[in-house]
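J.: Chains as they are written, first to last, in my numbering: chain A, 14 to 248; chain B, 14 to 248. Note that beta-carbon positions come from the ideal geometry of N, C-alpha and C, so glycine has one too. Below you'll find the structure I mean.
There are 2 protein chains.
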Amino acid sequence: MTAPDTSRYEKPFFTVDLVIFTVRSEHLHVLLVQRAEPPFKGCWALPGGFLDPRRDDSVDACAARKLVEETGVRAPYLEQLKTYGSRDRDPRGWTATTVYFALMASESVRLWGNQAEACWVGVRGDRVDFALGFDHARILADAVERLRSKLEYTHIAVHLLPEEFTLPELQRTYEIILQQPLDKSSFRRRVIQADMLEELIGRQRDGSGRPAQLYRFRDYDRQTFFPRSISRHAR
Amino acid sequence: MTAPDTSRYEKPFFTVDLVIFTVRSEHLHVLLVQRAEPPFKGCWALPGGFLDPRRDDSVDACAARKLVEETGVRAPYLEQLKTYGSRDRDPRGWTATTVYFALMASESVRLWGNQAEACWVGVRGDRVDFALGFDHARILADAVERLRSKLEYTHIAVHLLPEEFTLPELQRTYEIILQQPLDKSSFRRRVIQADMLEELIGRQRDGSGRPAQLYRFRDYDRQTFFPRSISRHAR
DNA sequence: GCATAATAGTGGTGTGAAGCCACTAAGAAC
DNA sequence: GTTCTTAGTGGCTTCACACCACTATTATGC
Numbered sequence: 014m015t016a017p018d019t020s021r022y023e024k025p026f027f028t029v030d031l032v033i034f035t036v037r038s039e040h041l042h043v044l045l046v047q048r049a050e051p052p053f054k055g056c057w058a059l060p061g062g063f064l065d066p067r068r069d070d071s072v073d074a075c076a077a078r079k080l081v082e083e084t085g086v087r088a089p090y091l092e093q094l095k096t097y098g099s100r101d102r103d104p105r106g107w108t109a110t111t112v113y114f115a116l117m118a119s120e121s122v123r124l125w126g127n128q129a130e131a132c133w134v135g136v137r138g139d140r141v142d143f144a145l146g147f148d149h150a151r152i153l154a155d156a157v158e159r160l161r162s163k164l165e166y167t168h169i170a171v172h173l174l175p176e177e178f179t180l181p182e183l184q185r186t187y188e189i190i191l192q193q194p195l196d197k198s199s200f201r202r203r204v205i206q207a208d209m210l211e212e213l214i215g216r217q218r219d220g221s222g223r224p225a226q227l228y229r230f231r232d233y234d235r236q237t238f239f240p241r242s243i244s245r246h247a248r
Numbered sequence: 014m015t016a017p018d019t020s021r022y023e024k025p026f027f028t029v030d031l032v033i034f035t036v037r038s039e040h041l042h043v044l045l046v047q048r049a050e051p052p053f054k055g056c057w058a059l060p061g062g063f064l065d066p067r068r069d070d071s072v073d074a075c076a077a078r079k080l081v082e083e084t085g086v087r088a089p090y091l092e093q094l095k096t097y098g099s100r101d102r103d104p105r106g107w108t109a110t111t112v113y114f115a116l117m118a119s120e121s122v123r124l125w126g127n128q129a130e131a132c133w134v135g136v137r138g139d140r141v142d143f144a145l146g147f148d149h150a151r152i153l154a155d156a157v158e159r160l161r162s163k164l165e166y167t168h169i170a171v172h173l174l175p176e177e178f179t180l181p182e183l184q185r186t187y188e189i190i191l192q193q194p195l196d197k198s199s200f201r202r203r204v205i206q207a208d209m210l211e212e213l214i215g216r217q218r219d220g221s222g223r224p225a226q227l228y229r230f231r232d233y234d235r236q237t238f239f240p241r242s243i244s245r246h247a248r
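Take a look at the structure:
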């Protein structure tokens, strides 16, 4: 196809939004901000905003910048989800937004406020309890679905925990997000066989019962794929 | 985060590109066009171009439009791959491109020319045999990887075949893309048990041996997930 | 017509990871 | 100590797949 000269088409607005997940008090939470300006002023929405071609070298860099501005966390798990763009998703005009989703331990976050009201909101099913601006309810639902399906066959839940954690804590994280109980024995076999964890010898976490062995995630660059899905099977 | 007024930032250019796959003569092929204009004039590249906010209601609609313009095929398998955007990927300035990948039967395609030279090019590994413009080599590699990993646990290869096909043809398609021989018996069990195919009773395809039963894909809307990955296991 | 090649399709045993569940281990509270 | 609570282990079963040998149905060459 020929490339038309670049002035021939108007450009759509281009933004980057974030779906930032954490697990706290036994529930999946997402970070939302209350919009200070129209459109959807006063409404809750996903954090994000316009990409700045002068400051941002790339879309990825823009997402990383917004993440630090919002949470102070520098290098959590950050993955591009999808791009949503249409004439009518924003009353200001044709916009496209590239959405990223991030996973982080709730302890690691400092909400900076950043002149906007930001807070963690519990996710029930694939939604929150109140209306979101723009098409953000749909985006959130897609992000939750992606999170769940990635949990089925990868290790990414470790990014929702602090650096050191126990196997029961990791299992509980999976159970919270997948919304189903998992068998302890099978879960441990699966995780140990994947060789993705490093035992912190002599380090344990005390609780109300027998102390649990602490582990650390071994290699943040590698993606562990389990040979089978964690839930029974699809359909 | 506050929404800055919309005039404060310049907008990046926004394009949509397509990675269109088919299988012909025992190899995976991708549709490429020879660029008629700078930048990268004369170079081969993925088909695509600027989104037109006046004509395109959404990014998805833009991808569907470009696909029809390029191949004449109206409703093949079309899925958003990823968005690539940076200051330096296009010499004309800061651009973002949302890339889609499409699967279609080679018989169904009519190359319309569309004032550009377009043709099918064999994919070896995750690349083609010559240099591509922009960052399209990287994009192609990502698309091939996504195609392979989706083939591991879904049915999507059926979209690379005509509406009616035999099980050996389907198996051959998987083998070509996954680049490994598959066991006939296991493959058939897997596909039959997934209940995704409809036997066309009394319809067979003749060849040089015993004729093969024809099948049709049952439900184009449903995503079939197989309980295990088709290759041994990852790593 | 008959042997042979070629491809389609079936069946049966072994395996590895998961399900299921009962068991032991090690701490705290009393 | 006993009991409660949570951590961790072990063993049998199940299920889908690998592996491979077998039968089935056509065309081809003589």
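#1: Whether or not the segment 72-81 of chain B and the segment 166-175 of chain B are in contact is what I'm after, with contact meaning three or more pairs of Cβ atoms, one per stretch, closer than 8 Å; do they touch?
#2: Is residue 36 of chain B closer than 9 Å to residue 186 of chain B when the C-beta atoms are compared?
#3: Can you give the Cα-Cα distance for residue 231 of chain A and residue 42 of chain A, rounded to whole angstroms?
#4: So, at 6 Å on beta carbons, what are the nonlocal neighbours of residue 156 of chain B in its own chain, with the 5 sequence-adjacent residues on each side left out?
#5: For the segment 197-235 of chain B, which segments carrying the beta strand (DSSP E) assignment without a break, of at least 3 residues, lie completely within its bounds, in sequence order?
#6: Check the C-beta distance from residue 71 of chain A over to residue 61 of chain B and give it rounded, since I have them as a contact under 8 Å.
#7: If you reduce the DSSP assignment to three classes, tell me which class residue 137 of chain A lands in.
#8: Closer than 7 Å by C-beta to residue 17 of chain A: which residues in its own chain qualify, once you throw out the five before and the five after it? Chain order, please.
#9: Please tell me whether residue 241 of chain B has its Cβ less than 9 Å away from any Cβ of chain A.
#10: Quick one, which of B/85, B/244 and B/133 has its alpha-carbon nearest residue 188 of chain B's?
#11: From the DSSP output, which residues share a beta bridge with residue 61 of chain B?
#12: Which residues in the same chain as residue 130 of chain B place their Cβ atom closer than 7 Å to its Cβ, once the five residues preceding and following it in sequence are excluded?
#13: Counting along the chain, where does the beta strand (DSSP E) carrying residue 54 of chain B start and finish?
#14: Please state the DSSP three-state secondary structure of residue 79 of chain A.
#15: Any beta carbon of chain A sitting closer than 9 Å to that of residue 187 of chain B?
#16: Can you give me the Cβ contacts of residue 118 of chain B inside the same chain, cut-off strictly under 6 Å, excluding the 5 residues immediately before and after it?
#17: If contact means a Cβ-Cβ distance below 7 Å, which residues of the segment 88-99 of chain B contact chain A?
#18: Alpha carbon to alpha carbon, how far is residue 142 of chain A from residue 197 of chain A? Give it in angstroms, no decimals.
#19: The alpha helix (DSSP H) that contains residue 149 of chain B, what's its start and end?
#20: So, with DSSP's three-state summary, where would you put residue 171 of chain A?
#21: Compare the Cα-Cα distances from residue 27 of chain A to each of B/109, B/67, B/51 and B/83 and report the closest residue.
T.: In terms of the structure at hand:
#1: no
#2: yes
#3: 26 Å
#4: 32, 94 and 114
#5: 210-218 and 225-230
#6: The pair is not a contact, with the Cβ atoms about 19 Å apart (cut-off 8 Å).
#7: strand
#8: Because the pLDDT of residue 17 of chain A is 48, which lies under 50, any placement of that residue in the model is unreliable, and the question is left without a value.
#9: yes
#10: B/244
#11: B/30
#12: 46 and 47
#13: No beta strand (DSSP E) holds residue 54 of chain B; DSSP gives it neither H nor E.
#14: helix
#15: no
#16: 174 and 175
#17: 93, 95, 96, 98 and 99
#18: 32 Å
#19: 149-166
#20: helix
#21: B/109
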